[in-house]
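*Asks:*
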Amino acid sequence: MIDKFERNVIITAFCLSCLFIFSLLYAMGSRKADVTECLPYDKSYETARVNQVDKSTYQIFYVARMWNFEPAIAYIPVGSEVDLFLTSLDVVHGFDIYNKNVNLMGVPGGVAKTTIRFDQPGVYKVVCHEFCGTGHQNMQAEIIVNFPKK
Ligand code: CUA
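Residue numbers (my numbering): 1 to 150.
Structure representation (structure tokens):
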């Protein structure tokens, strides 16, 4: 026979868990959170580059190492959708784009991917947010979003 007090605790715990899961799903939906993908690794991710896929779709392959990102500057036209890929050649680095909902980890031997749109022109600062040694605070890059050439 289950104790009355014990039963109340179980019911309360169950309700709180449901509320927690519900609020998690709700937050994901309302903020349109894009869950970071982890892809199978291959050596091609170790080459930093910017690819144009079509008129308004780009890929940026970022390589992090102590203490810089490559490409240090990427030019993207306004209104583009960009697939970001990130890997690291040494230790774990962070990747945060100021004013954008992007937060990746660069892990050696792994690649993280996310997709973002740039609808406003500007200079978007990228910083490393994972302490990675004495040059950590200087580890940054820029994504320059400007109007396409006519
Ligand atoms: Cu890279 Cu901190």
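Quick reminder that beta carbons are idealized off the backbone N, C-alpha and C, glycines included.
Is E130 near the ligand CUA, going by C-beta to nearest heavy atom under 7 Å?
*Replies:* By one-based count along the sequence shown, residue 130 stands at place 130. E130: yes, Cβ under 7 Å from the ligand CUA.
*Asks:* Of all the beta strand (DSSP E) runs that stay within the bounds of the stretch 57-130, which reach a length of 3 or more residues?
*Replies:* 57-65, 68-70, 73-77, 80-88, 93-97, 103-106, 111-118, 122-127
*Asks:* Determine contact between the stretch 85-93 and the stretch 128-137, defined as no fewer than three beta-carbon pairs at a distance below 8 Å.
*Replies:* Counting Cβ pairs under 8 Å, three or more are found: they touch.
*Asks:* Does the beta-carbon of M105, which I'm using as the reference point, lie nearer than 7 Å to any heavy atom of the ligand CUA?
*Replies:* What you label residue 105 is simply residue 105 of the sequence shown in a count that begins at 1. Not so, every heavy atom of the ligand CUA lies at least 7 Å from the Cβ.
*Asks:* With which residues is V145 paired in a DSSP beta bridge?
*Replies:* The residue given as residue 145 occupies position 145 in the sequence shown. DSSP, once it has assigned bridges, lists I76, G122 as partnering V145.
*Asks:* Measure from the alpha carbon of I143 to the alpha carbon of each residue in F95, M105, G110, then state which is nearest.
*Replies:* For the purposes of this step, residue 143 is taken as residue 143 along the sequence shown, with counting starting at 1. Here the closest residue by C-alpha is F95.
*Asks:* Between the Cα of P77 and the Cα atoms of F85, Q59, I21, E70, which residue gives the shortest distance?
*Replies:* Taking the first residue of the sequence shown as 1, we reach residue 77 at position 77. Residue nearest to P77 within the set F85, Q59, I21, E70 is Q59 (criterion: CA-CA distance).
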